[in-house]
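One structure is given here, and the rest of the page talks about it.
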Amino acid sequence: MSILPTVARDVGRILMIVSFMLVASMLVAAVNGEFFAVPAFAVSSLVMAGVGYGLARFFADAPSSGKLEAMITAASAWGALALLGSLPFVLIAWTIHLDPYPAWMNTPPVDDTTDVFRDPLNGVFESISGFTSTGLTMAVVEEELPRSLHWWRSFTEWVGGVGVIVLTVAILARPGSGSLTLFESEAREKKSKILPSVVSTVTEIWKIYLGLTVVSLLLLVLAGPVWAAATGQASFVDELVAVVTDGDPEVGMPLWPAINHAMTGIATGGFSVHAASIGEYGAVLQYAVVPIMVAGSIAFPIHYLILRGEIDNFWRDIQTRWIFLWFGLGTVLLTAALWLGGDATGQFGDFEETFRAGLFQFVSATSNTGFGTAAIGGGTERAMSAGATFIVCLGMLTGAAAGSTCGALKLVRVITLVKGTIWQVKGAFAPDSAIRRMKMGKRSMGEEEVQAEYTEAAVVFVLWILFLIVGVAVSLAVLSSEHPAEYVIFDVMSAQSNVGLDAGITGPEMPDTMKTMLIFNMWIGRLEIIPVAVLIGAVFRRLNLYS
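Here's what the structure looks like:
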């Protein structure tokens with residue numbers, strides 16, 4: 081039986097749901113007085129909804145998804161969203177360039193930052209960076225973007241952080257509809273289920289996610305006024321009014337940036353409304369963003385248990401415990417590296433600034449958020465030493481918890497590889513008759529279970545490194561030799577780990593071949609490679625390319 085009907089129907093349903101994001105964006109554009117952007121969002125919504133409706137209607141009688149169909153659906157849906165989600169970028173850029181509307185629609189003058197999206201490849205890059213919650217960008221000076229594009233970038237990251245399939249299952253799925261296999265195909269596991277029903281699980285995930293976003297917004301809005309009042313810089317009320325009205329707060333974050341950073345922070349996405357990212361703000365807000373990134377690093381089932389009052393899961397859960405240990409160790413290592421000569425350009429004036437930069441950059445890298453407060457590199461010029469850059473790369477490689485909004489390998493998989501390798505070595509010294517078990521947190525695993533999980537982790541790790549090597553090789557081949565090799569590795573790893581930090585290479589001026597390669601790296605990184613490999617295998621079979 082062909083798998084195409086099931087895949088096409090499910091991809092169509094996903095596109096139909098996501099098209100409503102574009103309708104909501106029309107309202108945001110209108111509220112901000114950017115009426116010139118409304119037709120672009122309307123056309124984009126109609127195209128996406130039309131394609132989705134056509135697929136869902138034509139293949140309405142297709143059977144439910146099995147594991148194979150679900151994996152291909154996940155890979156295909158994220159690819160389709162990258163293409164169709166680019167339409168607002170391209171259409172708005174061309175609207176500003178051509179200026180076809182009357183003056184009351186408030187079309188702004190042409191600027192270099194928005195104009196780069198007239199190139200469809202740049203639009204696709206920005207779209208997939210958003211939906212994969214990566215945060216690498218073609219926008220050089222993000223302040224110049226219209227607010228409607230600020231919103232669309234943040235909205236794609238916010239939905240992409242929790243997963244478009246999770247969104248679709250929450251709205252459309254019914255028990256017995258194949259929703260579990262779809263849920264697992266989006267780089268999730270059965271252990272990520274909070275409640276027995278997958279539909280109930282995704283509903284609970286969205287409740288938690290919305291709650292965390294609201295709390296993040298309140299933290300960003302209130303941190304500045306509280307600090308200003310505590311230090312006597314301004315009264316709490318005056319500072320809060322300045323923040324909410326987008327005035328000129330002393331130390332706070334105005335409401336519009338706070339909305340966007342709350343969405344992209346909890347999604348561990350990293351798009352910002354500033355070219356300097358969180359470096360635009362002072363120490364108070366830089367520290368305030370750290371707990372938001374940490375919250376996005378913790379698995380949703382742990383959030384659920386903590387909200388039920390089971391606070392001990394902060395240290396009883398192996399992933400959460402290791403997240404805090406790894407954040408702490410990485411911060412110490414990066415701070416030491418920067419303080420002992422790793423700050424090549426003298427960005428930091430004293431130890432507190434160095435510590436704050438080390439803490440922020442390592443948490444941002446390991447949580448795969450991609451916010452920045454310091455320069456990693458300037459493309460061809462060094463800002464951090466190779467040693468400091470390597471420590472940040474380690475954080476990007478491991479990532480944080482499975483079942484969270486993070487990408488990369490996932491910390492539990494790294495733990496499995498380390499403990500599994502030690503277990504394998506010890507096995508060589510054990511007698512053949514020995515009954516051996518390995519403890520992983522609360523779990524005690526027998527030999528077959530250990531081998532299965534160790535093999536899965538090893539396969540993903542090998543494939544992950546293989547595609548990283550391919551991405552680096554392609555990038556080195558098309559880039560100028562003036563770029564330090566570690567910075568090339570850094571940007572490719574940032575794309576594949578869905579981080580968003582860059583060393584000054586990623587941007588509209590880089591070769592189209594590298595842009596295409598990084599688009600592929602972001603795509604496979606978000607889905608943890610296997611679904612994309614399955615899709616490629618299915619295409620090869622369809623074209624009879626196997627011997």
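Residue numbers (our numbering): 81 to 627.
Note that CB positions come from ideal geometry on N, CA and C, so glycine has one too.
Among P189, F407, R89, F404, nearest to G134 - alpha-carbon criterion: R89
Between the CA atoms of S234 and D423 - distance to the nearest angstrom: 31 Å
Mapping the DSSP letters down to three states, classify K506 as helix, strand or coil. helix
Taking the alpha carbon of I378 as the reference point, which residue from G429, A416, A338, G487 has its own alpha carbon closest? G487
Can you list, in chain order, the residues of its chain with a C-beta nearer than 8 Å to that of D441? Leave out the 5 residues immediately preceding and following it. The question names Asp, but residue 441 in the sequence shown is Gln. Within the same chain, Q441 has close Cβ partners L414, G452, T453, A454, I456, V472, L581.
Among T411, I545, A347, whose alpha-carbon lies nearest the alpha-carbon of T449? A347
Report back the beta-carbon spacing between P226 and P188 to the nearest angstrom; my notes put them in contact at under 8 Å. About 7 Å; that satisfies the 8 Å criterion.
Roughly how many angstroms lie between the CA atoms of L126 and S99, to the nearest whole one? 8 Å
I288 to A303, Cα distance in whole Å? 22 Å
Which term fits I94, buried or exposed, when burial requires 16 or more other beta carbons within 10 angstroms of its beta carbon? buried
Taking buried to mean at least 16 other C-beta atoms within 10 Å of its own C-beta, is I502 buried or exposed? exposed
Quick one: measure Cβ to Cβ for L216 and L598, integer angstroms, because I've assumed they're closer than 8 Å. Distance from L216 to L598 at the Cβ level is roughly 7 Å; contact confirmed, criterion being Cβ atoms closer than 8 Å.
Alpha carbon to alpha carbon, what distance is there between L491 and V443? 13 Å
What alpha helix (DSSP H) runs, 4 residues minimum, are completely inside the segment 500-572? 527-558
For A157, which of L615, R621, F620, L623 has the nearest alpha-carbon? L615
Apart from the five residues just before and just after V220, which ones in its own chain have a Cβ nearer than 8 Å to its Cβ? D192, T193, V196, A355, G587, P588
To the nearest angstrom, report how far apart R523 and I495 are at their CA atoms. 13 Å
Looking at the unbroken alpha helix (DSSP H) that takes in F235, where does it start and where does it end? 227-242
If I measure Cβ to Cβ from F435 and keep anything under 6 Å in the same chain, skipping five residues before and after, which residues do I get? T415
Quick check on the DSSP output: the alpha helix (DSSP H) that includes S124 runs from which residue to which? 118-138
Is the segment 109-128 touching the segment 165-173, taking contact as three or more C-beta pairs under 8 Å? yes
Segment contact flag, the segment 569-581 with the segment 524-533, C-beta cutoff 8 Å, min 3 pairs: no
P189 - DSSP class collapsed to helix/strand/coil: coil
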